[in-house]
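Asker: In the working numbering, the protein residues as written are 1267 to 1589. The beta carbon of each residue, even a glycine, is placed where N, CA and C say it ideally should be. Note that the structure is a prediction, hence the values are computed from the model and not measured.
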Amino acid sequence: MALSDGGLALPEAGRIAVFAPRAGAELAPLPAGLCHVLTGFRPDHDHFSALGHACAVEPEGRYSAAVVCLPRARTLARDLIATACDVTDGPVIVDGPKTAGVEAALKECRARTAVSGPVSKAHGKMFWFTPATGQFDDWRCGGPAPLDDGFVTAPGIFSADGIDPGSKLLGDTLPRKIGARVADLGAGWGYLAARILERDTVETVHAVEADHAALSCARRNLPDARVQFHWEDAARWRPPEALDTVITNPPFHTGRDADPALGRAFITAAAAMLAPGGQLWLVANRHLPYEAPLADNFEESVEVAGDSRFKVLHARRPSRHRR
Ligand SMILES: C[S@@+](CC[C@H](N)C(=O)[O-])C[C@H]1O[C@@H](n2cnc3c(N)ncnc32)[C@H](O)[C@@H]1O
């Protein structure tokens, strides 16, 4: 709509940076060969790579235009807009649903520069502007920084302000003996992997995380030769050898909505990663229905700890058909 009758014109040549599109976003109206998809989230990266788009985690060089697919977190949204302004010689196009705060973003951008549009459809809006140098520099957010306890986190990643109470509960519940080969699925900035490494009997910890920024923090938080870092979709990743234990505080949100399908995919994947006598330790918000997928994928499963908010579930012996 913006290109056909909304007044938006793309430069005739040069690459177009597309910041943080989520899998399923429609990039077809943009000239495919010129798009450079920039995302640190591995499933989105895999999705757009499979469609034939060039993908990277960070901008590379300069662009003739940029599209920012607005994330929900305001600091991240501002950071992406500022980054786009920094690397783009032509229009910066901001696209997002109301739920991502696109109206507030429009208002804030209008206060700083001449904005064209918006073009509105359903619950979304798109607007664009050509920024002057440095006009949005103060929107850049700081990089990784240490918490009081020394762990390094970064804006926008899970539990950036401190240790997640669910993960703390799981860390405190784990027994001393968990075997030699362990994986932490959705390892975030590495808290649970750090707890796993307290055990001398652990020989390998696979820290599997889809968010590139979170995994970069984990690399700094886990300076231990036993850790292998994997920027991967945990639902698809498979270990080089069968594991003794999988530990996870699985993701439970897609965008705004709670999505237990993600946790279910982690449970199925964990069962496929484990040796016949292997075990899974999982913490989840109490209302999330993981008991059925655990019963479906493991011979035994039981709640071993919990409070009003969280439950720690322990499952053993993946069902033969699941491995
Ligand atoms: C509830 S957080 C737990 C983080 C960390 N283990 C902790 O305890 O602080 C879930 C993590 O899973 C990551 N994640 C989301 N989808 C993923 C996927 N498909 N594959 C791997 N990790 C994913 C998120 O980025 C987030 O860091």
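#1: Taking the C-alpha atoms as reference points, what is the distance between glycine 1327 and glutamine 1494?
#2: Please work out which residues of its chain come closer than 7 Å, Cβ to Cβ, to arginine 1485, disregarding the five sequence neighbours upstream and downstream, and give them in chain order.
#3: Is alanine 1366 near ligand 1, judged by its Cβ being under 8 Å from some heavy atom?
#4: Using only the heavy atoms of ligand 1, determine whether one of them is closer than 8 Å to the beta carbon of proline 1421.
#5: Can the beta-carbon of proline 1357 be found less than 9 Å from the beta-carbon of proline 1431?
#6: Can you look up aspartate 1361 in the DSSP assignment and give me helix, strand or coil?
#7: Skipping 5 residues on each side, what residues in its chain have a beta carbon closer than 7 Å to that of asparagine 1515?
#8: From the DSSP secondary-structure annotation, give me the bridge partner or partners of arginine 1582.
#9: For valine 1602 and glycine 1362, what's the separation of their Cα atoms in angstroms?
#10: Between which residues of its own chain and valine 1578 is the CB-CB distance below 8 Å, once the five residues before and five after are set aside?
#11: Quick one, which of Ile1423, Ile1513, Asn1487 and Lys1373 has its alpha-carbon nearest aspartate 1415's?
#12: Are three or more beta carbon pairs between the segment 1310-1317 and the segment 1339-1359 nearer than 8 Å?
#13: How do the segment 1277-1289 and the segment 1394-1405 stand: do at least 3 beta-carbon pairs fall below 8 Å, yes or no?
#14: Please report the Cβ distance between alanine 1370 and proline 1337, rounded to the nearest whole angstrom; I am assuming they are in contact, meaning their Cβ atoms lie under 8 Å.
#15: Go through its chain and collect everything with a Cβ distance to arginine 1530's Cβ below 6 Å, but skip five positions before and after it.
#16: Can you tell me where the alpha helix (DSSP H) with proline 1431 in it begins and where it stops?
#17: Out of Ala1343, Ala1291, Ser1330 and Thr1341, state which residue places its alpha-carbon closest to the alpha-carbon of histidine 1319.
#18: Going by the C-beta, is aspartate 1525 closer than 8 Å to any heavy atom of ligand 1?
#19: Report yes if the C-beta distance between valine 1334 and leucine 1346 is below 9 Å; otherwise report no.
#20: Roughly how far, in whole angstroms, is the beta-carbon of serine 1585 from the beta-carbon of alanine 1536, given that I think they are within contact range, below 8 Å?
#21: Would you list the residues sitting across from histidine 1311 in a DSSP beta bridge?
#22: Is the beta carbon of proline 1505 sitting closer than 9 Å to the one on methionine 1539?
#23: Using the Cβ count rule (16 or more neighbours within 10 Å means buried), how would you classify arginine 1376?
#24: Considering Cα atoms alone, identify which of Ser1270, Ala1581, Phe1314 and Pro1325 is closest to glycine 1234.
#25: Aspartate 1427: beta carbon under 8 Å from a heavy atom of ligand 1?
#26: Answer yes or no: the CB of serine 1433 versus the heavy atoms of ligand 1, is any distance below 8 Å?
#27: Distance check for methionine 1267 and alanine 1388, CA to CA, integer angstroms please.
#28: Between which residues of its own chain and alanine 1380 is the CB-CB distance below 7 Å, once the five residues before and five after are set aside?
#29: Do valine 1360 and phenylalanine 1393 come within 9 Å of each other at the CB atom, strictly closer than that value?
#30: Please report the Cβ distance between aspartate 1510 and glycine 1445, rounded to the nearest whole angstrom; I am assuming they are in contact, meaning their Cβ atoms lie under 8 Å.
#31: If we ignore side chains and look at the alpha-carbon of each, how far apart do threonine 1419 and glycine 1306 end up?
Answerer: Checking against the coordinates, here is how it stands:
#1: 30 Å
#2: Phe1495
#3: no
#4: no
#5: no
#6: strand
#7: Asp1430, Gly1432, Ser1433, Leu1436, Gly1452, Leu1458 and Val1549
#8: Gln1545 and Glu1566
#9: The requested residue 1602 is not part of the displayed model; the chain covers only 1267 to 1589.
#10: Leu1435, Leu1436, Thr1439, Trp1547, Leu1548, Val1549, Glu1569, Val1570, Ala1571 and Gly1572
#11: Asn1487
#12: no
#13: no
#14: Not a contact, Cβ separation roughly 13 Å.
#15: Pro1559
#16: 1431-1439
#17: Ala1291
#18: no
#19: yes
#20: Between alanine 1536 and serine 1585 the Cβ distance is about 12 Å, and since that is not below 8 Å, they are no contact.
#21: Paired residue(s): none; histidine 1311 is not in a bridge.
#22: yes
#23: exposed
#24: Residue numbering for the chain in the displayed model covers 1267 to 1589; residue 1234 lies beyond these limits and cannot be assessed.
#25: no
#26: yes
#27: 12 Å
#28: Phe1395
#29: yes
#30: 2 Å
#31: 15 Å
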